[in-house]
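Only one structure is covered here, and it is reproduced in the block below.
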Amino acid sequence: MGTREQLEQQITEIFAGRFETRLESDDVDLLETGIVDSVRIVELVLEIEQRFGVSLPFEELEIEDFRTVPRLADRIARTLPAVA
Amino acid sequence: MPISIQPFDVSRTSAVAELNRRMAAGGSSWQFPESPDPGELAREEGSPVFHEFFVAVEGEAVRGGYALQHRPAAFRDEVRQIGAWYQPISEGSVDPRYSLVAIQLLRDAFRREPLCYGLGLEGPDSHLAKLATTLGCELRLIPFFLRIQNGARFAREARYLRRRPGLARLLDVAAATGAAGLGARLVKLALQRTPRPNGEVSVENVTGFGPWADELWQRCRERYSFVGVRDTETLNRLYPPRQRFRGVRVVRGGQTVGWAVLDSKRMSGDSKFGALHVGRFANCFAAPEDADLVVRAAVDALDREGVDIILSNQSHPAWCAALRRNAFLSIPSNFVFAPSPRLGERIRAVDPDGRDVHLTRGDDGGGPLSRAGFSARRVRQLRTANA
């Protein structure tokens, strides 16, 4: 899987590629800016599950997991022990 | 704090009222019912037809909710319990911290009634429709039809046509000169291709359903691949005698060949219909080849009430064709059928193209007559628009 930085980079690429949204920085608040809403969350989770081969049950997710790219990377990393 | 979806009970009424206040303060027109009482459709021992409300609970606060109508449906010869979810409301529409709520609500509906659907959804481009799509629903538009009864009043009052200034002036001239009335009559004459029924056919006005509805249901249900059960017990639950509704029963040679449930209202300041007297051909059942007779009977009944226009949504090709033969115009539809992934699979198993699905406005869990009629629908549309 690679390093934590690579994980964040891949998430940023999802936003740029799938959602055509270029994030100015890692600390952009994805919720307050409206970049992420309920539809985008479902799309994001499905994309992450497919790309990283992980399972992210909606019942176990918290809205703060989607606040920023690093927070999202934290959530994915918890399912990927190999990520440093 | 985790959010869980729970049945709405009286202990949450003040929390729902607080939710409604926060929604209004956030600029949303959505309001969730502040009473958990499902009215006529409370759960009854032995009846598969009932309503429930569910709320998204975070500590003492309520962050959203939805309603679920349970009812049986037939997939050709197999009857299964299904659900129709409606009135979803999420605080996520005014506060992004609750963006997960809408997802949780729909997934909860899919879990409680795996064979379930949403109907309406304010069109395929609404946020709610997009969310349903991302959760695996394959959307389908249910065709929409309009019959103009009073051309002059339609020209003056149809606000959705009058939004274009040039067209509004033209309609004013048409109404003032009588051209609109004449035009509507000519259109009806040109399109009306169903002759008046012969002497073997009689039409009765009904205010309830009897054994004749069961006989018709048993005889015709397998003609449809997916149809909400329309036997006597179910129909009398959905349209109880206490709730005012008009129905017509069509009889041929002593045998019931079809029925329709009708609805009408004089609008006032409506965003689409102005002050028109709007009639609705809300629900119906017959063998596909007898659809013409039922549509004709429904039109005649609503015509006697003096409605200005008649509206209908129908999915089945035979009913759509019957409407066209009875001078209904096909109008671009915004009425979406969103079956859950499991329901979509079940329908495809018996009808891969979905051609024999029979859905009407009456199949909307919160639709005409099942709760508060037109006014409830308008409120719900506002809710949907802000999903």
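If you read the protein sequences in the order shown, they are chains A and B.
Take any residue in the first sequence, note its place counting from 1, add 145, and you have its number in my numbering.
Take any residue in the second sequence, note its place counting from 1, add 3, and you have its number in my numbering.
Note that the Cβ used here is the ideal one computed from N, Cα and C, for glycine as well.
Practice problem: Establish whether the CB of His-280 of chain B and some CB of chain A are separated by less than 8 angstroms. | Solution: Within the second sequence, numbered from 1, the residue matching residue 280 of chain B stands at position 277. Judged by the 8 angstroms Cβ criterion, His-280 of chain B is not in contact with chain A.
Practice problem: Would you tell me roughly how many angstroms separate the C-alpha atoms of Asn-337 of chain B and Glu-150 of chain A, rounded to the nearest one? | Solution: Walking along the second sequence from the start, residue 337 of chain B turns up at place 334. Walking along the first sequence from the start, residue 150 of chain A turns up at place 5. Answer to the nearest angstrom: the Cα atoms are 45 angstroms apart.
Quiz item: Within the 8 angstroms Cβ cut-off, does Gly-211 of chain B reach chain A?
Solution: What you label residue 211 of chain B is simply residue 208 of the second sequence in a count that begins at 1. Residue contact with chain A for Gly-211 of chain B: absent (no Cβ-Cβ distance below 8 angstroms to any residue of chain A).
Self-check item: Burial state of Asp-4 of chain B (16 or more Cβ within 10 Å)
Solution: Counting from one through the second sequence, the residue named residue 4 of chain B turns up at place 1. Here residue 4 of chain B is Met; the residue named in the question, Asp, does not match the sequence. With fewer than 16 neighbouring CB atoms inside 10 Å of its own CB, Met-4 of chain B falls in the exposed class.
Practice problem: Measuring only between beta-carbons, confirm whether Gly-198 of chain A sits less than 8 angstroms from chain B. | Solution: Here residue 198 of chain A corresponds to residue number 53 of the first sequence, with the count starting at 1. Between Gly-198 of chain A and chain B, the shortest Cβ-Cβ separation is not below 8 angstroms.
Quiz item: In three-state terms, what does DSSP make of Ser-38 of chain B?
Solution: Working through the second sequence from its first residue, we reach residue 38 of chain B at position 35. Coil.
Quiz item: Which residues, in chain order, does the region 94-110 of chain B contribute to contact with chain A at a C-beta distance below 8 angstroms?
Solution: Of all residues in the region 94-110 of chain B, Gly-95, Pro-99, Arg-100, Tyr-101, Ser-102, Leu-103, Val-104, Ala-105, Ile-106, Gln-107, Arg-110 have a Cβ within less than 8 angstroms of some Cβ in chain A.
Quiz item: For Ala-161 of chain A, which residues of its own chain have a beta-carbon under 6 angstroms away from its beta-carbon, when the five flanking residues on both sides are left out?
Solution: Position 16 of the first sequence, counted from the start, is the residue given in the question as residue 161 of chain A. Beyond the five residues adjoining it in sequence on each side, Ala-161 of chain A comes within less than 6 angstroms, by CB distance, of Arg-167 in the same chain, given in chain order.
Quiz item: Can you tell which of B:Leu-103, B:Val-104, B:Leu-138 has its C-alpha closest to the C-alpha of Tyr-120 of chain B?
Solution: In the second sequence, counting from the first residue as 1, residue 120 of chain B sits at position 117. The option with the nearest alpha carbon to Tyr-120 of chain B is B:Leu-138.
Exercise. Would you check if the distance between the CB atom of Asn-23 of chain B and the CB atom of Gln-34 of chain B is smaller than 8 angstroms?
Key: The count along the second sequence starts at 1 and reaches residue 23 of chain B at position 20. The count along the second sequence starts at 1 and reaches residue 34 of chain B at position 31. Yes, these two residues count as a Cβ contact at 8 angstroms.
Quiz prompt | Test: Ile-156 of chain A CB closer than 8 angstroms to a CB of chain B | solution = Counting from one through the first sequence, the residue named residue 156 of chain A turns up at place 11. Closer than 8 angstroms: no.
Self-check item: Nearest to Arg-1 of chain B (by Cα), restricted to the options B:Arg-252, B:Lys-275, B:Arg-269
Solution: Given a span of 4 to 390 for chain B in the structure shown, any question on residue 1 of chain B remains unanswerable.
Self-check item: Continuous beta strand (DSSP E) stretch holding Thr-259 of chain B: start and end
Solution: Here residue 259 of chain B refers to the residue found at position 256 of the second sequence. Looking at the DSSP string, the run of the beta strand (DSSP E) that includes Thr-259 of chain B is 258-269.
Practice problem: Would you decide whether Ala-285 of chain B is buried or exposed? Buried here means 16 or more other CB atoms lie within 10 Å of its CB. | Solution: Within the second sequence, numbered from 1, the residue matching residue 285 of chain B stands at position 282. Of the other Cβ atoms in all chains shown, 16 or more fall within 10 Å of the Cβ of Ala-285 of chain B; this residue is therefore buried.
Self-check item: Paired residues, beta bridge with Ser-315 of chain B - DSSP
Solution: Reading the second sequence from its first residue, position 312 is the one you call residue 315 of chain B. The partner list for Ser-315 of chain B (beta bridge, DSSP) reads B:Phe-148.
Practice problem: Pull up the DSSP beta-bridge partners for Gly-179 of chain A, would you. | Solution: Sequence index remark: in the first sequence, residue 179 of chain A carries index 34 (1-based). As computed with DSSP, Gly-179 of chain A is found in no beta bridge at all.
Quiz item: Span of the beta strand (DSSP E) holding Leu-71 of chain B?
Solution: By 1-based counting over the second sequence, the position of residue 71 of chain B is 68. Counting along the chain, the beta strand (DSSP E) containing Leu-71 of chain B begins and ends at 64-78.
Self-check item: Simplified DSSP state of Ala-341 of chain B, which is helix, strand or coil
Solution: Working through the second sequence from its first residue, we reach residue 341 of chain B at position 338. If DSSP states are grouped into helix, strand and coil, Ala-341 of chain B belongs with the strands.
Self-check item: Start-end ranges of the beta strand (DSSP E) lying completely within the region 274-310 of chain B, minimum 3 residues
Solution: Correct list: 280-289.
Quiz item: Looking at the structure shown, is Phe-157 of chain B part of a helix, part of a strand, or coil, going by DSSP?
Solution: Along the second sequence, one-based indexing puts residue 157 of chain B at 154. If DSSP states are grouped into helix, strand and coil, Phe-157 of chain B belongs with the helices.
Exercise. Please list the partners that Thr-137 of chain B has in chain A, where partner means a Cβ-to-Cβ separation under 8 angstroms.
Key: Within the second sequence, numbered from 1, the residue matching residue 137 of chain B stands at position 134. Listed along the chain, the chain A residues whose CB falls inside 8 angstroms of the CB of Thr-137 of chain B are Val-184, Val-187, Glu-188, Leu-191.
Self-check item: Beta-carbon spacing of Asp-174 of chain A, Arg-212 of chain A below 8 angstroms
Solution: For the purposes of this step, residue 174 of chain A is taken as the residue at position 29 of the first sequence. For the purposes of this step, residue 212 of chain A is taken as the residue at position 67 of the first sequence. Contact flag set, yes.
Quiz item: Thinking C-alpha only, which one of B:Ile-151, B:Ser-96, B:Gly-282 is nearest Ala-263 of chain B?
Solution: Residue numbering aside, residue 263 of chain B sits at position 260 when the second sequence is read from its first letter. Of the listed residues, the one whose Cα sits closest to Ala-263 of chain B is B:Gly-282.
Quiz item: Using Cβ-Cβ distances below 8 angstroms, what residues of the region 111-142 of chain B are close to chain A?
Solution: Contact annotation: in the region 111-142 of chain B, residues whose CB is within less than 8 angstroms of a CB in chain A are His-130, Lys-133, Leu-134, Thr-137, Leu-138.
Quiz item: By a C-beta neighbour count over all protein chains shown, 10 Å radius and 16 as the cutoff for buried, is Ala-77 of chain B buried or exposed?
Solution: Translated into the one-based positions of the second sequence, residue 77 of chain B becomes position 74. Classification of Ala-77 of chain B: buried, given that the 10 Å Cβ count is 16 or more.
Practice problem: For Glu-177 of chain A, go through chain B and note every residue whose CB falls closer than 8 angstroms to its CB, in chain order. | Solution: Here residue 177 of chain A refers to the residue found at position 32 when the first sequence is read from its first residue. Pro-99, listed in chain order.
Quiz item: Is there a Cβ from chain B that is less than 8 angstroms from the Cβ of Leu-201 of chain A?
Solution: Walking along the first sequence from the start, residue 201 of chain A turns up at place 56. No, Leu-201 of chain A lies away from the interface with chain B (no Cβ there is under 8 angstroms from its Cβ).
Quiz item: Cα separation between His-361 of chain B and Tyr-242 of chain B?
Solution: Counting from 1 along the second sequence, the entry for residue 361 of chain B is found at position 358. Counting from 1 along the second sequence, the entry for residue 242 of chain B is found at position 239. In this structure, the alpha-carbon of His-361 of chain B lies about 18 angstroms from that of Tyr-242 of chain B.
Exercise. Just mark Asn-201 of chain B as buried or exposed, buried being the case when its beta carbon has 16 or more other beta carbons within 10 Å.
Key: Reading the second sequence from its first residue, position 198 is the one you call residue 201 of chain B. Taking a 10 Å sphere around the C-beta of Asn-201 of chain B, we find fewer than 16 other C-beta atoms and assign the residue as exposed.
Quiz prompt | Beta-bridge pairing of Tyr-89 of chain B - partner residues as DSSP gives them | solution = Residue mapping note: residue 89 of chain B aligns to position 86 of the second sequence, counting from 1. In the DSSP secondary-structure assignment, Tyr-89 of chain B is bridged to B:Ala-70.
Quiz item: Whose C-beta lies closer than 6 angstroms to the C-beta of Phe-212 of chain B among residues of the same chain, with five residues either side of it excluded?
Solution: Counting from 1 along the second sequence, the entry for residue 212 of chain B is found at position 209. Excluding residues within five positions, the ones whose Cβ falls inside 6 angstroms are Thr-235, Leu-238, Asn-239.
Quiz item: Can you list, in chain order, the residues of its chain whose CB lies under 6 angstroms from that of Arg-386 of chain B, leaving out five sequence neighbours each side?
Solution: As a working note, residue 386 of chain B is residue 383 in the second sequence. With a pLDDT of only 44 at Arg-386 of chain B, under the threshold of 50, the placement of this residue in the model should not be trusted; the figure read from the coordinates follows. Result list for Arg-386 of chain B: Trp-33, Ile-92, in chain order.
Practice problem: Just tell me which of B:Tyr-101, B:Leu-219, B:Phe-11, B:Pro-291 has its CA closest to the CA of Cys-323 of chain B. | Solution: The count along the second sequence starts at 1 and reaches residue 323 of chain B at position 320. Per the Cα distances, B:Pro-291.
Quiz item: Measuring CA to CA, which of B:Leu-44, B:Arg-233, B:Val-302 is closest to Leu-149 of chain B?
Solution: The residue labelled residue 149 of chain B in the question sits at position 146 within the second sequence. In this structure, B:Val-302 is the residue among B:Leu-44, B:Arg-233, B:Val-302 with its C-alpha nearest to the C-alpha of Leu-149 of chain B.
Quiz prompt | Start and end residues, alpha helix (DSSP H) containing Leu-241 of chain B | solution = Counting from one through the second sequence, the residue named residue 241 of chain B turns up at place 238. The continuous alpha helix (DSSP H) containing Leu-241 of chain B extends over residues 235-241.
Quiz item: What's the C-alpha gap between Gln-155 of chain A and Leu-189 of chain A?
Solution: As a first step, residue 155 of chain A must be located in the first sequence, where it is residue number 10. As a first step, residue 189 of chain A must be located in the first sequence, where it is residue number 44. Just so you know, the alpha carbons of Gln-155 of chain A and Leu-189 of chain A end up roughly 12 angstroms apart.
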